[in-house]
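Just so we're aligned, residue 0 is where the sequence shown starts under numbering that gives the first Met the number 0, counting upward by one.
C-beta atoms are modelled at their ideal positions from N, C-alpha and C, and glycine is treated no differently.
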Amino acid sequence: MSKLCVVVPAYNEGESLREFHARLAAVFDQIAAQTQMQCEVLYVDDGSRDDTYAVMCSLRENDARIATLKLARNFGKELALTAGLDAADADAVVVIDADLQDPPELIPKFIETWREGYDVVYGTRSTRAGETGLKKFTSAAFYRVMERMSSTPVPRDTGDFRLMSRRSLEALKRLRERQRFMKGLFTWVGYKQKSVVYERDARFAGVSKFNYWRLWNFALEGITSFSTAPLKLATYVGIGTAGLAFVYAVWVFGKALLLGDRVQGYPTLMLVILFLGGVQLMALGMIGEYLGRMYIETKQRPLYLIDELIPASQTEATQIEDSVRRSSAAGVH
Ligand code: UDP
Ligand code: MG
0 MSKLCVVVPA
10 YNEGESLREF
20 HARLAAVFDQ
30 IAAQTQMQCE
40 VLYVDDGSRD
50 DTYAVMCSLR
60 ENDARIATLK
70 LARNFGKELA
80 LTAGLDAADA
90 DAVVVIDADL
100 QDPPELIPKF
110 IETWREGYDV
120 VYGTRSTRAG
130 ETGLKKFTSA
140 AFYRVMERMS
150 STPVPRDTGD
160 FRLMSRRSLE
170 ALKRLRERQR
180 FMKGLFTWVG
190 YKQKSVVYER
200 DARFAGVSKF
210 NYWRLWNFAL
220 EGITSFSTAP
230 LKLATYVGIG
240 TAGLAFVYAV
250 WVFGKALLLG
260 DRVQGYPTLM
270 LVILFLGGVQ
280 LMALGMIGEY
290 LGRMYIETKQ
300 RPLYLIDELI
310 PASQTEATQI
320 EDSVRRSSAA
330 GVH
């Protein structure tokens, strides 16, 4: 019997979780009836400060299909997701947000596509309800810039909502870099991918945890983790400016030789100094971005720390059954 595991990172989602689980449980019932798959959900509490973990635990007590994982503090969505995916052991894994912006009802469609032989099935948003014009604009701009700059194209308007087959999950687990831009890592893995278009709903409750500053850093992460274009740009701008400066110097020098110099160069001198200074700073800044990332990478810290991992009771039951079967087959009691 094949197994499905849904990984849900949650940070201060106490208000949404019950509603989320009610909808997910209905979807699980449907999947179990139609495909005989064993369904499980792993809720990852990313160091929430509200009652998220308590809600998770109370849900777990009433539903054998729930596993919970609590991180030691808030590590951010990308790492919460990584922790969840590392703990997941299933033939197909689905990643979904807890705020009900991505409809769990789409999962059966994902599974159908997976059964057709696709390794990665991702949701592409056709609309994004409840988000401001500015957020939609910046997000669209980001995907288009990424597309041009990176050799690993991240599909447009695609969030983390997706299904992965076991082998693409195993591949993803091998990417242990610290600066994790999950959307990029998902695509880097490759294999056969297919998109399913859906309409993104507004948040069920609470507010987005990503303000513009966090989003800007997220975009920087995406670009610098998956592209060295800014580094190259610095080189080209540097070469271009140096070339222009050289031509200009020859001209100034020639003019001084032919006509003599009457202390006139002050404005141009200032201009050149300032301009070159600016270009150098820009190049240094870009190098700094990469250097900073290398610095973090060289520390080789663990990506996250788990506080508590409680498997779903249905899994425990099957594991015990399995070991009993195995030992009785071997004649050991
Ligand atoms: N999230 C998380 N850790 C964080 C921030 C967010 O686990 O530090 C979770 C959050 O609970 C939600 C998902 O990541 O399930 C997406 O977050 P959010 O809805 O705030 O992002 P948006 O949809 O606005 O991009
Ligand atoms: Mg959201």
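Cutoff 7 angstroms; reference ALA9; Cβ partners in own chain excluding five residues on either side: LEU16, TYR42, VAL43, ASP44, ASP45, SER47, THR51, ALA97
Residue nearest to ARG72 in terms of C-alpha spacing, selected from ALA82, ALA66, LEU133: ALA82
Whole runs of the alpha helix (DSSP H) within the stretch 223-299, excluding any shorter than 4 residues: Correct list: 228-258, 265-297.
Beta-carbon proximity check, ILE110 vs ASP101, cutoff 7 angstroms: With a cutoff of 7 angstroms on beta-carbon distance, ILE110 and ASP101 are scored as not near each other.
Distance cut 7 angstroms, beta-carbon to ligand 2 heavy atom: residue list by chain order: ASP96, ASP98, GLN100, ARG202, SER207
Cβ neighbours of ALA177 in the same chain (closer than 6 angstroms, five flanking residues each side left out): It is Arg, not Ala, that sits at residue 177 in the sequence shown. Result list for ARG177: ILE295, GLU296, in chain order.
For LEU99 and ASP200, the rounded distance between their alpha carbons: Each residue's CA atom was taken as its position, placing ASP200 and LEU99 some 7 angstroms apart.
C-beta atoms of LEU58 and HIS20 nearer than 7 angstroms: yes
Contacting residues, own chain, Cβ-Cβ under 6 angstroms from PHE209 (five flanking each side not counted): none
Proximal residues to MET0 (C-beta, below 8 angstroms), its chain only, five neighbours per side dropped: Within the same chain, MET0 has close Cβ partners GLN35, MET36, GLN37.
ASP49 vs GLY13 beta-carbon contact at 7 angstroms: In contact: ASP49 and GLY13 (Cβ atoms closer than 7 angstroms).
Alpha-carbon spacing of ASP118 relative to VAL7, whole angstroms: 20 angstroms
Bridge-paired residues (DSSP) for GLU307: LYS69
Contacting residues, own chain, Cβ-Cβ under 8 angstroms from GLU288 (five flanking each side not counted): Excluding sequence positions up to five before and after GLU288, its CB lies within less than 8 angstroms of the CB of LEU219, THR223, PRO229, all in the same chain and listed in chain order.
Minimum Cβ-Cβ distance from TYR142 to chain D less than 7 angstroms: Of the chains in the structure shown, none is chain D; there is only one protein chain.
Outcome for MET293 when other beta-carbon atoms lying within 10 angstroms are tallied against a minimum of 16: exposed
Residue burial classification, TYR121 (beta-carbon count within 10 angstroms, cutoff 16): buried
Inter-residue CB distance, VAL188 and LEU171 (contact presumed, cutoff 8 angstroms): 5 angstroms
Neighbourhood of PHE217 by C-beta distance below 8 angstroms, restricted to the same chain and skipping five residues each side: So the list reads PHE180, PHE209, once near-sequence residues are dropped.
Per DSSP, the bridge partner or partners of GLN37: Answer is LYS2, bridged to GLN37.
Span of the beta strand (DSSP E), counted from its first residue to its last, around LEU302: Unbroken run through LEU302: none, as it is neither H nor E.
Member of ARG155, ALA282, TYR197, SER164 whose CA lies at the smallest distance from the CA of LYS182: Just measuring C-alpha positions, the residue of ARG155, ALA282, TYR197, SER164 sitting nearest LYS182 is ARG155.
Residue environment, ILE65, which counts as buried when at least 16 other CB atoms sit within 10 Å: ILE65 comes out buried.
Length of the line joining the Cα atoms of MET259 and VAL249: In the sequence as presented, Met is not what sits at residue 259; that position holds Gly. Their Cα atoms are separated by approximately 14 angstroms.
Alpha carbon of SER226 to alpha carbon of MET148, nearest angstrom: Rounded to whole angstroms, SER226 to MET148 spans 6 angstroms at the Cα level.
Cβ-heavy atom distance, ALA79 to ligand 1, below 6 angstroms: yes
Beta-carbon proximity of PRO107 to ILE30, cut-off 7 angstroms: yes
DSSP three-state assignment for TYR142, whether helix, strand or coil: helix
C-beta atoms of THR137 and GLU198 nearer than 7 angstroms: no
Host beta strand (DSSP E) of ALA336 (start-end): Only positions 0 to 332 of the chain appear in the structure, and residue 336 is not among them; the question remains open.
Which of helix, strand or coil DSSP assigns to GLY122: strand
6 angstroms CB neighbourhood of LEU162 in its chain, flanking five on each side removed: ALA91, VAL93, PHE109, TRP113, VAL120
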